[in-house]
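S.K.: The opening residue of the sequence shown carries number 7 in the working numbering; numbering runs sequentially from there.
Quick reminder that beta carbons are idealized off the backbone N, C-alpha and C, glycines included.
Note that the structure is a prediction, hence the values are computed from the model and not measured.
Pasting a structure here, questions to come.
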Amino acid sequence: QRRLLFAVNHQGRLVALSRDTGTRIWSNDLSAIRRPLVWNDRLFVADVDGNMRALGMEDGLELWRGNISDGLLTAPVRYKDVIVVGDNKGRLFSLDPTSGRVLGLDRIGDPILADPVVAGQDLYLWTNRGNMIHMQMPQ
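Pasting the structure below:
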């Protein structure tokens, strides 16, 4: 497997670059303002249109896409065996990484723009109203 770096911008471009040479390996037309999540052989991206997308890391081909929000999404994070992403409407989504299916939806109420943080078995959210929310998923 190649050593890759990924860069994305809000102007419509996601690129994979060789970590060794800086050479562009592939590019994809999508706009995002949050860092992508690398997990196994996939790249997970929250785009500016409320979609979560899974792309093949080696070729950039789209594996699935789901429109989960009518708001602005945070960066996706891995929490245990799911992808977690929040939005500025105060919702927290749990997604199946294989299919993109929404497995859970929590209505936090406060807008979430800061990226979720995973520390061990715990998930932390910082809301726009200054509230820190600590969550734990059942074992």
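1) Could you give the DSSP three-state label for E64: helix, strand or coil?
2) Keeping to the same chain, check which residues put their C-beta closer than 8 Å to that of D76; ignore five residues upstream and five downstream.
3) Taking C-beta to C-beta, are A81 and A52 nearer than 8 Å?
4) Rounded to a whole number of angstroms, what is the C-alpha to C-alpha distance between M58 and D65?
5) Is it true that the segment 116–129 meets the segment 99–108, where meeting means three or more beta-carbon pairs spaced less than 8 Å apart?
6) Which value, in whole angstroms, describes the spacing of the CA atoms of Y130 and N137?
7) Here's a check: name, in chain order, each residue in its chain whose Cβ is nearer than 8 Å to the Cβ of L111, leaving out the five neighbours to either side.
8) Assuming V54 and I39 form a contact by the criterion Cβ under 8 Å, report the distance between their Cβ atoms to the nearest whole angstrom.
9) Is it buried or exposed for D93, if we count other Cβ within 10 angstroms and need 16 for buried?
10) Pull up the DSSP beta-bridge partners for G110, would you.
11) Going by beta carbon distance, what residues of the same chain come within less than 7 Å of D116, once the five residues before and after it are set aside?
M.R.: From the atom records:
1) Coil, per DSSP.
2) Within the same chain, D76 has close Cβ partners G56 and K95.
3) For A81 and A52, yes; Cβs fall inside 8 Å.
4) Rounded to whole angstroms, the gap between the alpha carbons of M58 and D65 is 18 Å.
5) Segments in contact, no.
6) Roughly 10 Å between the two C-alpha positions.
7) Annotation for L111: R97, L98, F99 and S100 place their beta carbon closer than 8 Å to its own, counting only its chain and skipping 5 residues before and after.
8) Confirmed, Cβ separation roughly 6 Å.
9) D93 is buried by the Cβ-count criterion.
10) G110 pairs with S100.
11) Contacts found: G96, T133, N134, R135 and N137.
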